[in-house]
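Asks:
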Amino acid sequence: MDLHNEAVEVAKKRTPCKVVSGNILDPPELGQFDIVGAFDVIEHLEDHVAALMGLSKLLRPGGKILLTVPAHMSLWSYFDEAACHKRRYNLHSLVSALKSAKLQPLYMTEFMMGTFPLIWLGRRLFSSRKVSSSITEQANLELKIVPIVNSLLKNFLLLEKYWIGGHLKLPFGSSIIAIAQTCQKFLS
Numbered sequence: 006m007d008l009h010n011e012a013v014e015v016a017k018k019r020t021p022c023k024v025v026s027g028n029i030l031d032p033p034e035l036g037q038f039d040i041v042g043a044f045d046v047i048e049h050l051e052d053h054v055a056a057l058m059g060l061s062k063l064l065r066p067g068g069k070i071l072l073t074v075p076a077h078m079s080l081w082s083y084f085d086e087a088a089c090h091k092r093r094y095n096l097h098s099l100v101s102a103l104k105s106a107k108l109q110p111l112y113m114t115e116f117m118m119g120t121f122p123l124i125w126l127g128r129r130l131f132s133s134r135k136v137s138s139s140i141t142e143q144a145n146l147e148l149k150i151v152p153i154v155n156s157l158l159k160n161f162l163l164l165e166k167y168w169i170g171g172h173l174k175l176p177f178g179s180s181i182i183a184i185a186q187t188c189q190k191f192l193s
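Written out as structure tokens, the structure reads:
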């Protein structure tokens, strides 16, 4: 589901899954699901709790939400502005948002450890230096793929996959992954 018809059309070409246009704050009647994913979505929305509650409407009782969000306000930069982020999270602020949306956090950890030092250092070195004429151009420069760095980061992510698969917590990262469940006490 995406709010923008253009994104829906692109997604339809990339997946055999049903893709629909809809608003996360008031999702269309699609049935109820065991799991719903929101990957790097809620940080773009002013009312992230309302968005989580909207996603909850799509879940069966006991259903789960799997989501990722960017971590650490200390990493805030032109990149977040170009991406139209409203916030970055820490574990506490994400738990608070989930609980406010009547969701029970089951598992949460930071991840993307390999990117954290690169982003942190980049923010410190380049945050005050204007590299190009717009924040969008600056962000696009940051997304430039460097094959050897990309290969190293891929290997880091493969290691993290095993940690996360075992529901272990990583010590730091540039993103957070969370699993939350509809709370039974709120279902009546």
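Each residue of the sequence shown is one higher than the one before, starting from 6 at the first, in my numbering.
The beta-carbon is built from N, C-alpha and C at its ideal position, and this holds for glycine as well.
#1: Can you list, in chain order, the residues of its chain whose CB lies under 7 angstroms from that of Trp-168, leaving out five sequence neighbours each side?
#2: Buried or exposed: Phe-84, going by 16 or more other Cβ atoms within 10 Å of its Cβ?
#3: Does the beta-carbon of Val-41 have 16 or more other beta-carbons within 10 angstroms, so that it is buried, or is it exposed?
#4: Which same chain residues, not among the five before or five after Val-13, have their C-beta less than 6 angstroms away from its C-beta?
#5: Would you identify the three-state DSSP class for Ala-43, choosing helix, strand or coil?
#6: Does the separation of the CB atoms of His-77 and Arg-92 fall below 7 angstroms?
#7: Start and end of the alpha helix (DSSP H) containing Glu-115?
#8: Which residues does DSSP list as the beta-bridge partners of Asn-28?
#9: What does the Cβ neighbour count give for Pro-212, buried or exposed, with the cut at 16 atoms within 10 Å?
#10: Is it buried or exposed for Phe-44, if we count other Cβ within 10 angstroms and need 16 for buried?
#11: Along the beta strand (DSSP E) that carries Arg-65, what are the first and last residues, could you check?
#12: Report the option in Lys-159, Leu-30 and Asp-39 whose CA atom is closest to the CA atom of Ala-56.
#13: What span of residues does the alpha helix (DSSP H) with Ala-56 cover, start to end?
#14: Closest by CA to Met-117, which one among Leu-164, Pro-32, His-172 and Ala-88?
#15: So for Leu-175, helix, strand or coil by DSSP?
#16: Going by other Cβ atoms of all chains shown within 10 Å of its Cβ, with 16 needed for buried, is Ile-153 buried or exposed?
#17: Do you know how far the Cα of Phe-121 is from the Cα of Lys-159?
#18: Quick one: what does DSSP say Ala-88 is sitting in, helix, strand or coil?
Replies: A quick look at the data gives this:
#1: Mapped onto the sequence shown, residue 168 falls at position 163. Contacts found: Leu-175.
#2: Numbered from 1 along the sequence shown, position 79 holds the residue referred to as residue 84. It is buried - the Cβ of Phe-84 has at least 16 other Cβ atoms within 10 Å.
#3: In the sequence shown, counting from the first residue as 1, residue 41 sits at position 36. The residue in question, Val-41, is buried, as its Cβ has 16 or more Cβ neighbours within 10 Å.
#4: Against the sequence shown, residue 13 aligns to sequence position 8. Asp-7, Val-24 and Ser-26, listed in sequence order.
#5: Position 38 of the sequence shown holds residue 43. Strand.
#6: For the purposes of this step, residue 77 is identified with residue 72 of the sequence shown, where counting begins at 1. For the purposes of this step, residue 92 is identified with residue 87 of the sequence shown, where counting begins at 1. Going by C-beta atoms, His-77 is not nearer than 7 angstroms to Arg-92.
#7: In the sequence shown, counting from the first residue as 1, residue 115 sits at position 110. Counting along the chain, Glu-115 falls outside any alpha helix (DSSP H), though it belongs to the beta strand (DSSP E) covering 108-116.
#8: Working through the sequence shown from its first residue, we reach residue 28 at position 23. Asp-31.
#9: Lying before the first or after the last residue shown, residue 212 is absent from the chain, which here runs from 6 to 193.
#10: Position 39 of the sequence shown, counting from 1, holds the residue named residue 44. Classification for Phe-44: exposed.
#11: In the sequence shown, the residue the question calls residue 65 occupies position 60. That run of the beta strand (DSSP E) goes 64-75.
#12: Position 51 of the sequence shown, counted from the start, is the residue given in the question as residue 56. Taking only the C-alpha atoms, the option nearest Ala-56 is Leu-30.
#13: Locating residue 56 in the sequence shown gives position 51, counting from the first residue. Note, Ala-56: alpha helix (DSSP H), 53-61.
#14: As a first step, residue 117 must be located in the sequence shown, where it is residue number 112. Nearest option by C-alpha distance: Leu-164.
#15: By one-based count along the sequence shown, residue 175 stands at place 170. Of the three classes helix, strand and coil, the one that applies to Leu-175 here is strand, per DSSP.
#16: Looking up residue 153 in the sequence shown gives position 148. It counts as exposed.
#17: Position 154 of the sequence shown, counted from the first residue, corresponds to residue 159. Position 116 of the sequence shown, counted from the first residue, corresponds to residue 121. Approximately 14 angstroms, taken between the alpha carbons.
#18: For the purposes of this step, residue 88 is taken as residue 83 along the sequence shown, with counting starting at 1. Three-state DSSP puts Ala-88 in coil, outside helix and strand.
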